[in-house]
Every structure is written in structure tokens, then in C-alpha cells.
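In the UniProt record's numbering, the protein residues as written are 1 to 94.
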Amino acid sequence: MPTVTFYQSGKSVELNQNSELLDLENTDQCELDFGCRAAGCGTCAIEVVAGLHNLNPKNEDEEDMLDRLDINGPNCRLACQCRLNGDITIRSLG
Ligand code: FES
Numbered sequence: 001m002p003t004v005t006f007y008q009s010g011k012s013v014e015l016n017q018n019s020e021l022l023d024l025e026n027t028d029q030c031e032l033d034f035g036c037r038a039a040g041c042g043t044c045a046i047e048v049v050a051g052l053h054n055l056n057p058k059n060e061d062e063e064d065m066l067d068r069l070d071i072n073g074p075n076c077r078l079a080c081q082c083r084l085n086g087d088i089t090i091r092s093l094g
């Protein structure tokens, strides 16, 4: 199962293949905050420190919100829009 590692704490959580990162909320080790869950608030902004290729590509709504937040670097994502296909390490920007 793919592993999500939180860069700040070094803790890891396993999720099923093709899980949404939103599923982190169903674990007792979620270190991200979520708001709208629909690319509309930016609360869940993250930097993907490792494993960017293990996430789905950005969609248009996500690109628009990251532009508005002025954090649309290649490693910046909205966790609520991400699906997991392998191990990643993330750092919360929210
Ligand atoms: S929770 Fe609002 S943008 Fe992700």
C-alpha cells in the first residue's frame, strides 16, 4: 500500500492504492487541514517533497486556486484534489 509521509513530523500513514488524500481524514494520523474539499479554499495546500509522479495531474480548478494563492510551483498541490498511486512525502502549506 502507498505511504504518505508528513515531512514536518516524519510520521507515515498507509492508504490504499488510488485513494484520495482526503482519505487521510479517516485515519487518526492526519496532519493536514481540509476545508471545502473542492479546490475552493486553499486550506489543504501542500508541497510534495518526494513522489510527485505518484499523484494524478493537476486539474483546472486546482490550477486556478493555486494561481490565486500564488503557490503554483510544480510541487505545489491541493491535497483534496490528489489521488495516490505510490509513496509520497508532503509538507503542509496551509
Ligand atoms: S480543502 Fe479547500 S481547496 Fe482543498
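Using N, Cα and C, we set each Cβ at its ideal position, and we do this for glycine too. On a predicted model such as this, the values are computed, not experimentally measured, just so you know.
Item                                                                                                      : Value
Check whether G51 and I88 have beta carbons under 7 angstroms apart                                       : yes
Residue interval of the beta strand (DSSP E) (run including L78)                                          : 76-78
Bridge partners - S12, DSSP secondary structure assignment                                                : T5
Neighbourhood of I90 by C-beta, 6 angstroms cutoff - its chain only, sequence neighbours within 5 removed : I46, V48
Three or more C-beta pairs below 8 angstroms linking the region 74-87 and the region 25-45                : yes
G94 Cβ short of 6 angstroms to the ligand FES heavy atom set                                              : no
C-beta contact flag for N26 and N54 at 7 angstroms                                                        : no
C-alpha distance - D23 paired with Y7, whole-angstrom precision                                           : 18 angstroms
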